[in-house]
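This report refers to the structure that appears directly beneath it.
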Ligand SMILES: C[S@@+](CC[C@H](N)C(=O)[O-])C[C@H]1O[C@@H](n2cnc3c(N)ncnc32)[C@H](O)[C@@H]1O
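Structure, rendered in structure tokens:
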């Protein structure tokens with residue numbers, strides 16, 4: 056079948072944003088402050104992906120979420136706003152510097168009391184969570200070589216009816232280039248194969264942003 060999706064041009068990306076809920080001053084400030092960091096700003100999810108994730112959180116009626124890879128807090132802002140008042144988000148990241156930008160904006164948005172930020176390697180932080188703690192929504196967006204380990208750690212923590220999202224699974228299109236054998240590309244390829252073959256879950260890859268996998272527990 057011929058593909059129906061295509062890469063977004065700058066014009067289409069602008070059009071798409073112009074026809075979505077407008078970014079508010081806090082979102083604009085967070086995007087601008089992140090841009091001042093230089094090239095690393097490319098790690099921030101795209102605004103249209105943020106809108107999608109916020110809407111999904113709302114549609115799911117999610118009350119609890121877990122994020123692995125918070126950076127400057129943009130995706131966290133979208134998730135908490137989507138879930139609404141009284142919901143909680145646990146954020147895992149290694150960077151005090153980057154997450155401090157997030158903290159300042161969460162404060163301005165009035166959602167900082169809904170977010171628990173655990174600084175340190177995410178695999179270690181995950182081990183500190185109560186063994187029976189589960190989440191309605193989980194977002195993986197940290198170091199790619201650990202994707203598989205994160206997946207294995209969080210699938211048992213997903214509530215029935217909940218959703219796990221995983222970012223960058225098309226890896227700028229490098230995923231289908233057989234000559235690319237770099238560590239990150241190989242790790243994501245291995246991860247995608249693993250998820251597609253996992254009988255515990257149902258999943259699909261959405262061509263949003265850099266590729267977003269959406270997973271739920273298989274219906275029994
Ligand atoms: C792609 S960025 C996350 C972007 C963020 N979700 C957003 O939309 O702005 C990846 C983040 O993972 C963090 N990270 C990298 N290795 C990590 C590890 N082993 N444990 C926890 N966080 C890690 C980095 O510090 C970085 O902030």
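In my numbering, the protein residues as written are 56 to 275.
We put the CB at the ideal spot given by N, CA and C, even for glycine.
Any chance the CB of residue i is under 7 angstroms from a heavy atom of ligand 1?
| i | result |
| --- | --- |
| residue 124 | yes |
| residue 221 | no |
| residue 98 | yes |
| residue 278 | Any answer about residue 278 is impossible in this case: the structure gives the chain only from 56 up to 275. |
| residue 242 | no |
| residue 164 | no |
| residue 204 | no |
| residue 176 | yes |
| residue 155 | no |
| residue 46 | In the structure as shown, the chain begins at 56 and stops at 275. Residue 46 is therefore absent and cannot be evaluated. |
| residue 73 | no |
| residue 84 | no |
| residue 149 | yes |
| residue 201 | yes |
Should residue i be flagged as near chain D, meaning a C-beta pair shorter than 8 angstroms?
| i | result |
| --- | --- |
| residue 205 | In the structure shown, chain D cannot be found, because there is only a single protein chain. |
Kindly indicate which residue of the options has the alpha-carbon position closest to the one of residue i.
| i | options | result |
| --- | --- | --- |
| residue 190 | 118, 230, 66 | 118 |
| residue 188 | 202, 167, 215 | 215 |
| residue 196 | 267, 110, 232 | 267 |
| residue 158 | 273, 269, 89 | 89 |
| residue 113 | 128, 166, 123, 138 | 138 |
| residue 108 | 70, 238, 192 | 192 |
| residue 79 | 62, 106, 65, 56 | 106 |
| residue 163 | 152, 132, 240, 140 | 132 |
| residue 59 | 262, 175, 239, 237 | 262 |
| residue 218 | 100, 269, 70, 199 | 269 |
Does residue i come out as helix, strand or coil in the three-state DSSP assignment?
| i | result |
| --- | --- |
| residue 255 | coil |
| residue 268 | strand |
| residue 261 | strand |
| residue 236 | coil |
| residue 98 | helix |
| residue 274 | coil |
| residue 249 | helix |
| residue 84 | helix |
| residue 89 | helix |
| residue 74 | coil |
| residue 63 | coil |
| residue 242 | helix |
| residue 68 | helix |
Would you decide whether residue i is buried or exposed? Buried here means 16 or more other CB atoms lie within 10 Å of its CB.
| i | result |
| --- | --- |
| residue 73 | exposed |
| residue 136 | buried |
| residue 254 | exposed |
| residue 251 | exposed |
Practice problem: Ignoring anything shorter than 4 residues or poking outside the segment 136-223, list the alpha helix (DSSP H) runs there in chain order. | Solution: 151-164, 177-183, 202-209
Exercise. Let me know the beta strand (DSSP E) ranges lying completely inside the segment 101-140, each 3 residues or longer, listed in chain order.
Key: 119-123
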